[in-house]
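For what it's worth, the numbering used here labels the leading residue of the sequence shown as 45, then goes sequentially. Reading through the structure tokens given below for one structure.
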Amino acid sequence: MNSIEKRAKVILNTEQYNALNHPELVRRLSLSPPSERQYVLRMLIKKSRGEYQIPEELQWCLPLIETSIAYQRNVIGINHSFCYLTIRHGEVTSINDDEWHADGFSMRINHIPEQNYVWTDILPTEYVVKPIDLYNFNPLTQNIHTRIGNEITSDDEIKTLLPKTIYCMDPYVIHRRPSILDKTQRTFIRLSFTPIEINDINNTINPLMPVYSDYDGVEFRNTLK
Numbered sequence: 045m046n047s048i049e050k051r052a053k054v055i056l057n058t059e060q061y062n063a064l065n066h067p068e069l070v071r072r073l074s075l076s077p078p079s080e081r082q083y084v085l086r087m088l089i090k091k092s093r094g095e096y097q098i099p100e101e102l103q104w105c106l107p108l109i110e111t112s113i114a115y116q117r118n119v120i121g122i123n124h125s126f127c128y129l130t131i132r133h134g135e136v137t138s139i140n141d142d143e144w145h146a147d148g149f150s151m152r153i154n155h156i157p158e159q160n161y162v163w164t165d166i167l168p169t170e171y172v173v174k175p176i177d178l179y180n181f182n183p184l185t186q187n188i189h190t191r192i193g194n195e196i197t198s199d200d201e202i203k204t205l206l207p208k209t210i211y212c213m214d215p216y217v218i219h220r221r222p223s224i225l226d227k228t229q230r231t232f233i234r235l236s237f238t239p240i241e242i243n244d245i246n247n248t249i250n251p252l253m254p255v256y257s258d259y260d261g262v263e264f265r266n267t268l269k
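In structure tokens form, the structure reads like this:
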């Protein structure tokens with residue numbers, strides 16, 4: 045099986061989607077989230093060779109961050125320049141996460157894949173492991189998530205991660221949030237190690253290391269067919 049560690053050394057490409065790409069279990073982990081709702085999207089917490097800068101109200105995630113850093117260093121063996129933290133803790137309000145997608149697929153410039161570490165307390169992430177043919181796919185004009193979704197036609201293909209468990213994923217792992225009823229309370233965390241900076245106006249600003257952008261990634265995706 046082609047592991048995430050092996051895939052991490054090869055430039056991001058569409059041919060890898062023809063393989064069987066699995067998420068990797070890192071370890072079980074218990075966390076103690078705060079009582080108040082938190083919604084953080086791709087907050088920059090490390091840049092280049094600088095130290096990790098994590099606001100005090102988010103430090104309940106430190107056990108996950110420290111475990112993920114160790115796995116990234118000792119198993120994946122890649123020291124990416126940037127690290128981003130996403131937290132969705134509280135009532136589920138996001139509307140597109142239940143569509144099949146792959147995090148970190150960007151081919152505007154050549155680069156090696158990013159790695160994402162995910163954790164949920166309940167209703168964990170669903171994923172599929174199957175070859176996806178992206179022949180003639182153009183990342184500058186086509187939406188890869190639509191293409192992927194059209195390839196998944198049977199519920200028998202769907203698998204589910206374990207709750208309260210850290211998993212490592214990369215842009216080749218196809219996944220989604222399960223369908224959730226209104227008013228559901230859920231905690232989801234994603235820690236992203238990336239080789240390139242994610243300049244996006246939708247990112248949550250880290251007050252300890254503010255970075256601003258005028259690029260709107262959501263607006264760009266909405267132009268893709």
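Idealized CB from N, CA, C, for every residue including glycine.
Within 9 Å, strictly: CB atoms of residue i and residue j
{"i": "P34", "j": "D142", "result": "No statement about residue 34 is possible, as the shown extent of the chain runs from 45 to 269 and does not include it."}
{"i": "E110", "j": "T238", "result": "no"}
{"i": "I210", "j": "V70", "result": "yes"}
{"i": "N118", "j": "R234", "result": "no"}
{"i": "H145", "j": "I192", "result": "yes"}
{"i": "E216", "j": "N65", "result": "Glu is not the amino acid found at residue 216; the sequence shown has Tyr there. In contact: Y216 and N65 (Cβ atoms closer than 9 Å)."}
{"i": "H219", "j": "P67", "result": "yes"}
Helix, strand or coil at residue i according to DSSP, with G and I counted as helix
{"i": "Q97", "result": "coil"}
{"i": "K90", "result": "strand"}
{"i": "T238", "result": "strand"}
{"i": "T267", "result": "Legend: pLDDT at T267 = 44, less than 50; position of this residue unreliable, no value from coordinates given."}
{"i": "L56", "result": "coil"}
{"i": "E80", "result": "coil"}
{"i": "L108", "result": "helix"}
{"i": "L64", "result": "coil"}
Residue i at chain B interface by Cβ criterion, 9 Å
{"i": "V70", "result": "Judged by its chain identifiers, the structure shown contains no chain B, having just a single protein chain."}
For residue i, the nearest candidate out of the options (CA to CA)
{"i": "L252", "options": "G121, P183, M87 and P168", "result": "M87"}
{"i": "I245", "options": "V54, I48, S76 and L85", "result": "L85"}
{"i": "S79", "options": "I48, W104 and T248", "result": "W104"}
{"i": "H189", "options": "T58, R81 and Q82", "result": "T58"}
**Request:** Starting from the N-terminal side, write out each stretch of the alpha helix (DSSP H) that is 4 residues or longer and does not extend beyond the segment 118-200.
**Result:** 188-195
**Item:** beta strand (DSSP E) segments (min. 3 residues) lying fully within the segment 200-236
**Value:** 202-204, 209-213 and 218-220
**Message:** With a threshold of 8 Å, are at least 3 pairs of Cβ atoms found where one atom belongs to the segment 225-233 and the other to the segment 131-141?
**Reply:** yes
**Message:** Whether or not the segment 85-104 and the segment 202-210 are in contact is what I'm after, with contact meaning three or more pairs of Cβ atoms, one per stretch, closer than 8 Å; do they touch?
**Reply:** no
**Request:** Say whether the segment 75-93 touches the segment 121-130, bearing in mind that this needs 3 or more beta-carbon pairs closer than 8 Å, one atom from each stretch.
**Result:** yes
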